[in-house]
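Numbering (our numbering), first residue to last: 127 to 454. First the structure, in the form of structure tokens, and then the observations on it.
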């Protein structure tokens, strides 16, 4: 079914929201949101792996009263479906991260803010609390070459009421995203990386990131981060049980099984395939979450059945924002 902006056709699922966004957004924007690295094999696998998992339902169980609420690191949320960190929400909607964090807060679920948003972390916190005084928000963090930038972001997140640091560990360099190269992609000039001072908030995203990211990052830096904050740390980008164990030993309270939406190294495992071994390796020493390829409620169920405490979605939020923009 072709979804046409302005028509009476209403998207009924995430895949239709994606098709709507593809029709509405500029090609370079949709490619930035939707593409993966290199040949995008892992991007395909993130979805295909869910299809290979079949359900064996039990029947004649009383389901008249259901409760899907859960807790993340001791904080209650209404659902195990949470919002993953992704940058530049204002490329999809004028209100950007304000709109997405407000929606997550009203749904009483966890919102993870990217280090690279188009709205400051303080403004996001204000909007989140305005929508729900008990809203749970986490802050995704890169460790930068200049450690004072990293420390400054952590202190700001602490002050603004973020309840955990989600440390990205799988991005020593930016992934080879050929669609962005082909499109000569840059952040629109009216937008900036809002968490940084204007002179450092260039719209040339690839150059900016490569200048900031620390390629020497190792487990000792995770322990260093643990030493400068009392917030729990979630390691994002774990795909092997060995690294999951190392993360726990380094002080991480959570493991986010992730391949960065297939935007970093192509050819790695689909996250749902990597999940069971990591759950087994970690045991009860840390909470395990996953992201990547989740498009249906049955995908959520499969991840939970394989041991995830919660799942995080990124691109579907951007597709929803694009649909809301088209309705303005």
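Quick reminder that beta carbons are idealized off the backbone N, C-alpha and C, glycines included.
Next on the checklist: My parser needs the beta strand (DSSP E) runs of 3 or more residues fully inside the stretch 173-237; what are they?
Outcome noted: List check, beta strand (DSSP E) in window: 196-198, 201-203 and 207-209.
Next on the checklist: Considering only their Cβ atoms, is the gap separating residue 250 from residue 439 smaller than 9 Å?
Outcome noted: Cβ atoms of residue 439 and residue 250: not closer than 9 Å.
Checklist entry - With a Cβ-Cβ cutoff of 9 Å, do residue 294 and residue 363 count as a contact? => result Going by C-beta atoms, residue 294 is nearer than 9 Å to residue 363.
Next on the checklist: Using C-beta distances below 7 Å, list every residue in its chain close to residue 257, excluding the 5 sequence neighbours before and after it, in chain order.
Outcome noted: 228, 231 and 232, listed in sequence order.
Checklist entry - Can you name the residues that DSSP bridges to residue 96? => result This structure cannot settle anything about residue 96, because the visible part of the chain is limited to 127 through 454.
Checklist entry - Which word fits residue 424, buried or exposed, when buried means at least 16 other C-beta atoms lie within 10 angstroms of its C-beta? => result The residue is exposed, with fewer than 16 neighbouring Cβ atoms inside 10 Å.
Checklist entry - Roughly how many whole angstroms lie between the Cα atoms of residue 75 and residue 167? => result Here the chain covers residues 127 to 454 and nothing more, so residue 75 does not appear.
Checklist entry - Starting from residue 247 and walking both ways along the alpha helix (DSSP H), at which residues does that stretch end? => result For residue 247, the uninterrupted alpha helix (DSSP H) segment begins and ends at 247-257.
Checklist entry - Would DSSP call residue 278 helix, strand or coil? => result In the three-state DSSP reduction, residue 278 falls in the helix class (H, G or I).
Item to check | residue 289 - DSSP class collapsed to helix/strand/coil | outcome: In this structure, residue 289 counts as coil in the three-state DSSP scheme.
Item to check | First through last residue of the beta strand (DSSP E) which encompasses residue 362 | outcome: Looking at the DSSP string, the run of the beta strand (DSSP E) that includes residue 362 is 359-364.
Checklist entry - Per the contact definition of three or more C-beta pairs closer than 8 Å, is the stretch 275-282 in contact with the stretch 196-210? => result No, because fewer than three Cβ pairs between the stretch 196-210 and the stretch 275-282 fall closer than 8 Å, the two stretches do not touch.
Item to check | residue 139, buried or exposed, once every other Cβ within 10 Å from all chains shown has been counted against 16 | outcome: Burial call: exposed.
Checklist entry - Among 302, 268 and 181, which one has its Cα closest to the Cα of residue 341? => result When only C-alpha atoms are compared, the closest one is 268.
Checklist entry - Could you give the distance in angstroms between the alpha-carbon of residue 435 and the alpha-carbon of residue 313? => result Taking the straight line joining both Cα atoms gives about 34 Å.
Checklist entry - Hey, how far is the Cα of residue 405 from the Cα of residue 276? => result Between residue 405 and residue 276, the C-alpha separation is close to 29 Å.
Checklist entry - With a Cβ-Cβ cutoff of 9 Å, do residue 162 and residue 396 count as a contact? => result Using a Cβ distance threshold of 9 Å, residue 162 and residue 396 do not count as a contacting pair.
Next on the checklist: So, with DSSP's three-state summary, where would you put residue 151?
Outcome noted: Residue 151 falls in the coil class under three-state DSSP.
Next on the checklist: Let's test the definition: count the other Cβ atoms within 10 Å of the Cβ of residue 254 and tell me whether it reaches 16, buried, or not, exposed.
Outcome noted: Residue burial is scored here from C-beta neighbours: residue 254 has at least 16 other C-beta atoms within 10 angstroms and is therefore classed as buried.
Checklist entry - DSSP state of residue 268, grouped into three classes? => result DSSP places residue 268 in coil when its eight states are reduced to three.
Checklist entry - Can you name the start and end residues of the beta strand (DSSP E) that residue 433 belongs to? => result In the DSSP annotation of this structure, residue 433 is not part of any beta strand (DSSP E), being labelled neither H nor E.
Item to check | Same chain only: Cβ atoms within 7 Å of residue 156, ignoring 5 sequence neighbours per side | outcome: 147 and 148, listed in sequence order.
Checklist entry - From residue 442 to residue 350, what distance separates their C-alpha atoms? => result The alpha-carbon atoms of residue 442 and residue 350 are separated by roughly 34 Å.
Next on the checklist: Considering just the uninterrupted stretch of the alpha helix (DSSP H) at residue 166, what are its terminal residues?
Outcome noted: No residue range can be given for residue 166, since it is assigned to no alpha helix (DSSP H) and is classified by DSSP as neither H nor E.
Item to check | Residues near residue 297 by beta carbon distance below 8 Å, same chain, minus five either side | outcome: Excluding the 5 residues flanking it on each side, residue 297 has same chain C-beta neighbours closer than 8 Å at 268, 339, 363, 386 and 390, in chain order.
Next on the checklist: Using only the alpha-carbon positions, how far apart do residue 379 and residue 180 sit?
Outcome noted: If I take the Cα positions, the gap works out to 31 Å.
Item to check | Option nearest residue 460 by Cα separation, candidates 223, 200, 415 and 153 | outcome: Here the chain covers residues 127 to 454 and nothing more, so residue 460 does not appear.
Next on the checklist: Which residue wins for smallest C-alpha separation from residue 315, given the options 195, 287, 216 and 301?
Outcome noted: Residue 315 has its Cα closest to that of 216, out of 195, 287, 216 and 301.
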